[in-house]
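Chemist: Numbering that gives the first Met the number 0 puts the sequence shown at residues 0 to 317. Ideal placement from N, C-alpha and C gives every residue a C-beta, glycine not left out.
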Amino acid sequence: MKRNISFYLTNIQIKEFCGSADNNIKVLQEELNTNIVVRGNEVKIEIKPEIENLLPELVRQISELLESGEHLSPRRLKYIIRHLKEFDEEINITEVFKEKIKIGTKKGFIKPKTKTQQQYIKAIRENDIVFGIGPAGTGKTYLAMAMAVNYLLAKKIERIILVRPAVEAGEKLGFLPGDLIQKVNPYLRPLYDALYDMLPNTNIQEFMNNGILEVAPLAFMRGRTLNQSFIILDEAQNTTIEQMKMFLTRLGHNSKAVITGDITQIDLPNSQESGLVHVQKILKGIKGIEFIYFSQIDVIRHDLVQKIIDAYEKEKKK
Numbered sequence: 000m001k002r003n004i005s006f007y008l009t010n011i012q013i014k015e016f017c018g019s020a021d022n023n024i025k026v027l028q029e030e031l032n033t034n035i036v037v038r039g040n041e042v043k044i045e046i047k048p049e050i051e052n053l054l055p056e057l058v059r060q061i062s063e064l065l066e067s068g069e070h071l072s073p074r075r076l077k078y079i080i081r082h083l084k085e086f087d088e089e090i091n092i093t094e095v096f097k098e099k100i101k102i103g104t105k106k107g108f109i110k111p112k113t114k115t116q117q118q119y120i121k122a123i124r125e126n127d128i129v130f131g132i133g134p135a136g137t138g139k140t141y142l143a144m145a146m147a148v149n150y151l152l153a154k155k156i157e158r159i160i161l162v163r164p165a166v167e168a169g170e171k172l173g174f175l176p177g178d179l180i181q182k183v184n185p186y187l188r189p190l191y192d193a194l195y196d197m198l199p200n201t202n203i204q205e206f207m208n209n210g211i212l213e214v215a216p217l218a219f220m221r222g223r224t225l226n227q228s229f230i231i232l233d234e235a236q237n238t239t240i241e242q243m244k245m246f247l248t249r250l251g252h253n254s255k256a257v258i259t260g261d262i263t264q265i266d267l268p269n270s271q272e273s274g275l276v277h278v279q280k281i282l283k284g285i286k287g288i289e290f291i292y293f294s295q296i297d298v299i300r301h302d303l304v305q306k307i308i309d310a311y312e313k314e315k316k317k
């Protein structure tokens with residue numbers, strides 16, 4: 000005889016639970032490999048041995064999310080299920096999705112999509128130097144940019160500085176045509192893409208003209224002291240030990256630095272140790288510096304990106 004776990008929702012909650020064209024139910028059935036029946040205000044989920052321990056907590060999380068008035072999407076459901084499958088610790092999913100970063104476009108706010116993203120935002124608020132380390136697609140750079148824009152609009156800092164090592168050009172950009180910004184543009188494109196999501200185009204151009212927004216290759220940071228600034232160093236896995244030390248010692252008064260990178264994607268010559276790998280050995284435990292580690296469960300791009308990362312991880316272990 001089949002066993003089911005049942006719970007009841009209001010009319011509005013049932014509509015949100017099912018989703019457009021029952022997409023939420025389809026995701027739940029696929030991820031849990033079980034059957035779900037909705038009759039009136041009652042939801043029945045068939046209990047199978049492999050999900051028996053997971054179901055009560057899943058139902059609690061879904062009910063709590065719906066009661067809070069939050070939107071229930073296929074992506075959110077997938078994250079909740081995968082987190083419950085992979086980790087033992089509890090997750091307060093309602094608290095995760097309540098977090099907001101105010102930005103300057105019509106979108107209004109940016110919200111974290113995973114528990115690690117929420118911890119990352121909290122770490123940036125509470126520390127002057129934060130390292131975000133993990134695979135592509137986890138929102139490391141995007142959320143750092145959102146926090147930088149938020150701090151600028153709130154007048155907590157006076158300028159945003161975006162930095163990236165130009166490894167492919169060996170940090171020697173002189174042979175490329177154009178001025179400094181034109182030379183380094185190809186390497187900073189991902190930072191610009193995030194920025195255009197968070198500020199009107201006219202503001203971006205105005206900020207660049209006034210020096211409020213600055214983009215530069217890492218090599219041009221030498222000898223500077225950066226006060227009243229929010230500095231983002233992207234692709235930090237491609238810094239040398241000397242470059243990382245140089246960058247970190249640029250930090251001035253009332254400034255924050257966020258350093259992001261993926262230590263599985265190092266483009267340095269084999270003889271050089273990555274500054275991002277090295278810095279983890281010597282700076283952990285220092286008050287005011289925090290390391291946040293993302294995993295494939297935090298990937299928020301296309302579902303296939305997570306599967307691709309998993310495949311590479313399995314191959315690496317072999």
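Any beta carbon from chain B within less than 8 Å of L250's own beta carbon?
Modeler: Considering every chain present, this structure includes no chain B. It has just one protein chain.
Chemist: Please work out which residues of its chain come closer than 7 Å, Cβ to Cβ, to K1, disregarding the five sequence neighbours upstream and downstream, and give them in chain order.
Modeler: For this step, residue 1 is matched to residue 2 along the sequence shown. So the qualifying residues of the chain are E45.
Chemist: Going by CA-CA distance only, name the one from S67, Y7, I11 that's closest to E41.
Modeler: Within the sequence shown, residue 41 is the residue found at index 42, counting from 1. Considering only alpha carbons, the answer is Y7.
Chemist: May I ask you to list the residues that DSSP assigns as paired with L232?
Modeler: Counted from its first residue, the sequence shown places residue 232 at position 233. Partner(s): V162, I258.
Chemist: Helix, strand or coil for T239, going by three-state DSSP, please let me know.
Modeler: Along the sequence shown, one-based indexing puts residue 239 at 240. Looking at T239 - three-state DSSP - the assignment turns out to be strand.
Chemist: Under the three-state reduction of DSSP, which class applies to N34: helix, strand or coil?
Modeler: The sequence position of residue 34 within the sequence shown is 35, counting from 1. Here N34 sits in coil by DSSP.
Chemist: Tell me whether Q12 is buried or exposed, calling it buried when 16 or more other Cβ atoms sit within 10 Å of its Cβ.
Modeler: As a first step, residue 12 must be located in the sequence shown, where it is residue number 13. Q12 is buried by the Cβ-count criterion.
Chemist: Look up S270 in the DSSP assignment and say whether it is helix, strand or coil.
Modeler: Locating residue 270 in the sequence shown gives position 271, counting from the first residue. In this structure, S270 counts as coil in the three-state DSSP scheme.
Chemist: At what residues does the alpha helix (DSSP H) containing P111 begin and finish?
Modeler: The count along the sequence shown starts at 1 and reaches residue 111 at position 112. Note, P111: premise wrong, no alpha helix (DSSP H); not H, not E.
Chemist: Can you find at least 3 beta carbon pairs, one from the region 156-163 and one from the region 218-233, that sit closer than 8 Å?
Modeler: Touching, yes.
Chemist: When the Cα atoms are used, what is the spatial distance from E170 to V278?
Modeler: One-based indexing of the sequence shown puts residue 170 at position 171. One-based indexing of the sequence shown puts residue 278 at position 279. Confidence at E170 is low in this model, with a pLDDT of 45, below 50, so the placement of that residue is unreliable and no value is reported for it.
Chemist: Identify whether P329 lies in helix, strand or coil by the three-state DSSP scheme.
Modeler: Here the chain has residues from 0 to 317 only, and residue 329 is not among them.
Chemist: Report all residues from its chain with a CB closer than 7 Å to the CB of Q60; omit the five preceding and five following residues, and keep chain order.
Modeler: Along the sequence shown, one-based indexing puts residue 60 at 61. Taken in chain order, the residues that qualify are I79, I92.
Chemist: Using only alpha-carbon positions, find the residue among R249, V26, S5, V257 that is nearest to A145.
Modeler: For the purposes of this step, residue 145 is taken as the residue at position 146 of the sequence shown. The residue with the shortest Cα to Cα distance from A145 is V257.
Chemist: How close, in whole Å, do the beta carbons of S273 and I288 come, if the pair is a contact with beta carbons under 8 Å?
Modeler: Position 274 of the sequence shown, counted from the first residue, corresponds to residue 273. Position 289 of the sequence shown, counted from the first residue, corresponds to residue 288. With 8 Å as the limit, S273 and I288 do not qualify as a contact, their Cβ atoms being about 18 Å apart.
Chemist: How is V58 classed by DSSP in three states: helix, strand or coil?
Modeler: Working through the sequence shown from its first residue, we reach residue 58 at position 59. Looking at V58 - three-state DSSP - the assignment turns out to be helix.
Chemist: For D286 and I128, I'd like the C-alpha separation in whole angstroms.
Modeler: Looking up residue 286 in the sequence shown gives position 287. Looking up residue 128 in the sequence shown gives position 129. Rather than Asp, the amino acid found at residue 286 in this sequence is Lys. Rounded to the nearest angstrom, the two C-alpha atoms are 10 Å apart.
Chemist: Among residues of its own chain, excluding the 5 on either side of D297, which ones have a beta-carbon nearer than 6 Å to its beta-carbon?
Modeler: As a first step, residue 297 is located in the sequence shown; it is residue number 298 there, counting from the start. Closer than 6 Å at Cβ, skipping near neighbours: T113, T115, T137.
Chemist: Pick from Q227, P73, E49: whose alpha carbon is nearest that of A20?
Modeler: One-based indexing of the sequence shown puts residue 20 at position 21. Of Q227, P73, E49, the residue nearest in Cα terms is P73.
Chemist: Give me whichever residues DSSP pairs with Y7 in a beta bridge.
Modeler: The residue given as residue 7 occupies position 8 in the sequence shown. In the DSSP output, where bridge partners are listed per residue, Y7 has E41.
Chemist: For the beta strand (DSSP E) containing I291, name the first residue and the last one.
Modeler: The sequence position of residue 291 within the sequence shown is 292, counting from 1. Where I291 is concerned, the enclosing beta strand (DSSP E) stretches over 288-292.
Chemist: Under 8 Å, do R249 and L217 count as touching if we go by C-beta distance?
Modeler: For the purposes of this step, residue 249 is identified with residue 250 of the sequence shown, where counting begins at 1. For the purposes of this step, residue 217 is identified with residue 218 of the sequence shown, where counting begins at 1. No; because the gap between Cβ atoms is not below 8 Å, this pair is not in contact.
Chemist: Go ahead and pull the three-state DSSP assignment for K84.
Modeler: In the sequence shown, residue 84 corresponds to position 85, counting from 1. Here K84 sits in helix by DSSP.
Chemist: In chain order, what residues of the same chain lie with their CB nearer than 8 Å to the CB of N32, ignoring the 5 residues before and after it?
Modeler: By one-based count along the sequence shown, residue 32 stands at place 33. Cβ neighbours of N32 beyond the five flanking positions: K47, E49, I50.
Chemist: Do L65 and F16 have their CB atoms nearer than 8 Å?
Modeler: Along the sequence shown, one-based indexing puts residue 65 at 66. Along the sequence shown, one-based indexing puts residue 16 at 17. A contact, by the Cβ cut-off of 8 Å.
Chemist: Since I believe E94 is in contact with I120 (beta carbons under 8 Å), could you give me their beta-carbon distance rounded to a whole number of angstroms?
Modeler: For the purposes of this step, residue 120 is taken as residue 121 along the sequence shown, with counting starting at 1. For the purposes of this step, residue 94 is taken as residue 95 along the sequence shown, with counting starting at 1. The Cβ separation is near 12 Å, so there is no contact.
Chemist: From K101 to K154, what distance separates their C-alpha atoms?
Modeler: Indexing the sequence shown from 1 puts residue 101 at position 102. Indexing the sequence shown from 1 puts residue 154 at position 155. Going by the C-alpha atoms only, they are around 13 Å apart.
Chemist: Assign I281 to one of two classes, buried (16 or more other C-beta atoms within 10 Å of its C-beta) or exposed (fewer than that).
Modeler: Indexing the sequence shown from 1 puts residue 281 at position 282. Exposed is the call here.
Chemist: In three-state DSSP terms, what is V95?
Modeler: Your numbering for residue 95 matches position 96 in the sequence shown. Looking at V95 - three-state DSSP - the assignment turns out to be helix.
Chemist: By Cβ distance, which residues of its chain are closer than 6 Å to H117, with the 5 residues on each side in sequence left out?
Modeler: If you number the sequence shown from 1, residue 117 lands on position 118. The displayed chain sequence assigns Gln, not His, to residue 117. The answer, listed in chain order, is V95, E98, P111.
Chemist: In this structure, how does DSSP classify A168 when only helix, strand and coil are distinguished?
Modeler: On the sequence shown, residue 168 is found 169 positions in, with the first residue counted as 1. Interpretation of A168 is limited by its pLDDT of 39, a score under 50 that renders its predicted location unreliable; the figure taken from the coordinates is listed afterwards. In this structure, A168 counts as helix in the three-state DSSP scheme.
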